[in-house]
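Numbered according to numbering that gives the first Met the number 0, the sequence shown spans residues 0 to 293.
Glycine included, each C-beta is placed from N, C-alpha and C at the ideal position.
Written out below as structure tokens is the structure these notes cover.
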Amino acid sequence: MKKKEWNEGLNHIDPDLVEKYVLQKERLREKNKKPKSAWLRFGAIAACFVLVLSAVIIVPLLREDDPGVIPGPGGIPGPGVEIILPSPPEYSSYDYESYNDIHAALTNPLAPQFEQLRTEQKNCGELYQQTLSDFASGEIKVAVPQIGGKNIDLRNQEGFSNVTWFTNELYNLPWLWYHCLINEQDLTVSIAYLSVLDRTELNSATSYYQVLKMISPNSPSPDNYKKSASYKNIYEKEITLGNGETVTAMISELKNDSRIYVCLYLDGMLVTLRGDEALLTEAFFRTFNMAYMK
Numbered sequence: 000m001k002k003k004e005w006n007e008g009l010n011h012i013d014p015d016l017v018e019k020y021v022l023q024k025e026r027l028r029e030k031n032k033k034p035k036s037a038w039l040r041f042g043a044i045a046a047c048f049v050l051v052l053s054a055v056i057i058v059p060l061l062r063e064d065d066p067g068v069i070p071g072p073g074g075i076p077g078p079g080v081e082i083i084l085p086s087p088p089e090y091s092s093y094d095y096e097s098y099n100d101i102h103a104a105l106t107n108p109l110a111p112q113f114e115q116l117r118t119e120q121k122n123c124g125e126l127y128q129q130t131l132s133d134f135a136s137g138e139i140k141v142a143v144p145q146i147g148g149k150n151i152d153l154r155n156q157e158g159f160s161n162v163t164w165f166t167n168e169l170y171n172l173p174w175l176w177y178h179c180l181i182n183e184q185d186l187t188v189s190i191a192y193l194s195v196l197d198r199t200e201l202n203s204a205t206s207y208y209q210v211l212k213m214i215s216p217n218s219p220s221p222d223n224y225k226k227s228a229s230y231k232n233i234y235e236k237e238i239t240l241g242n243g244e245t246v247t248a249m250i251s252e253l254k255n256d257s258r259i260y261v262c263l264y265l266d267g268m269l270v271t272l273r274g275d276e277a278l279l280t281e282a283f284f285r286t287f288n289m290a291y292m293k
């Protein structure tokens, strides 16, 4: 216990209590009742000590700033909780043909793609290396988009990749992109794993928008989209997914583009869907879900 804290604790003792203790001690001494006075003396000293100890403990706690998330309006984390994600010195991307190929590259040490990612990871940043490590150890799993419990078909168009793994992309995070096709319409589903950050600040977030305010507060959002010439609107909306879970999504509508972005925060992951507004309907999301590959 620090001397300063002890002295502060002593300064907060009630003077009346100390005076009563001294008077009581004098009366006991005059009565010369040794057995009884000893217990009374011990009890008074103990009470005084407890009060001192309480003051020493409680006063610093009352003065200590709360190290947790500072909520803003509507429960949104406020200033002071920004999580800085530094940009790594190098950037790379890798293309894969199928869900199984990307799963092997990220999780199977016997796959040649697995070794390739690890030998070329040195200059792609600590966050990227941690992501690869968490995939290899099983801390995080490869998530894939599903409709009605089945993996969504990949695009399979010549000259285009079906799956792209980015070492560093949006918000300086590694991203996994699935290029899908639904009823002859293109759909891109992107995933970033924020759980690799291991930051308690993120535990309070319940939507993509709240996460965004922490990892990239200046990015286009419901607060500031009007400053950008590219966005028609950005807003939040409740969406029910195929597993019955209801989440708060951030919807971004672009000018001169029929595609929209639907951004979700699911199980420690940022998930973004990009497609035509006519495709990304409430009926679509009631069949959509993210599932983990085994």
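*asked:* If you reduce the DSSP assignment to three classes, tell me which class M268 lands in.
replied: Sequence index remark: in the sequence shown, residue 268 carries index 269 (1-based). Looking at M268 - three-state DSSP - the assignment turns out to be strand.
*Please state whether DSSP places D152 in a helix, a strand or coil.*
Here residue 152 refers to the residue found at position 153 when the sequence shown is read from its first residue. Correct three-state label for D152: coil.
_Pop quiz: P219 and E235 are said to be a contact at Cβ under 8 Å. What is the actual Cβ separation, rounded to whole angstroms?_
Your numbering for residue 219 matches position 220 in the sequence shown. Your numbering for residue 235 matches position 236 in the sequence shown. So it is not a contact: roughly 13 Å between Cβ atoms.
_Own chain, CB closer than 6 Å to T286, minus 5 neighbours either side, in chain order_ = Within the sequence shown, residue 286 is the residue found at index 287, counting from 1. Taken in chain order, the residues that qualify are I146, G147 and G241.
_I'd like to check one pair, T166 with Y127: are the Cβ atoms closer than 8 Å?_
Position 128 of the sequence shown, counted from the start, is the residue given in the question as residue 127. Position 167 of the sequence shown, counted from the start, is the residue given in the question as residue 166. Cβ atoms of Y127 and T166: closer than 8 Å.
*Short Cβ contact (8 Å threshold) for R198 with I101*: Counting from 1 along the sequence shown, the entry for residue 198 is found at position 199. Counting from 1 along the sequence shown, the entry for residue 101 is found at position 102. Going by C-beta atoms, R198 is not nearer than 8 Å to I101.
*Between the Cα of E125 and the Cα atoms of P111, L84 and N155, which residue gives the shortest distance?*
Against the sequence shown, residue 125 aligns to sequence position 126. Considering only alpha carbons, the answer is L84.
*With a cut-off of 8 Å, do at least 3 Cβ pairs link the segment 246-263 to the segment 166-184?*
no
*Can we say the segment 86-101 touches the segment 109-126, given the rule of at least three CB pairs closer than 8 Å?*
yes
*Residues in its own chain within less than 7 Å of A46 by CB, not counting five upstream and five downstream?*
Taking the sequence shown and counting its residues from 1, one reaches residue 46 at position 47. No answer about A46 holds up, because its pLDDT of 40 lies below 50 and its placement is not dependable.
*According to the Cβ coordinates, are K140 and M292 closer than 8 Å?*
To locate residue 140, count along the sequence shown from 1; it is residue 141. To locate residue 292, count along the sequence shown from 1; it is residue 293. Yes, they are a contact pair.
*Between L278 and the rest of its own chain, which residues show a CB-CB distance below 7 Å, the 5 nearest in sequence each way excluded?*
Indexing the sequence shown from 1 puts residue 278 at position 279. Closer than 7 Å at the Cβ level, and outside the excluded window around L278, lie I181, Q184 and L186.
*According to the neighbour-count rule (16 or more other Cβ atoms, all chains shown, within 10 Å of its Cβ), is F134 buried or exposed?*
The sequence position of residue 134 within the sequence shown is 135, counting from 1. When all chains shown are included, F134 counts as buried.
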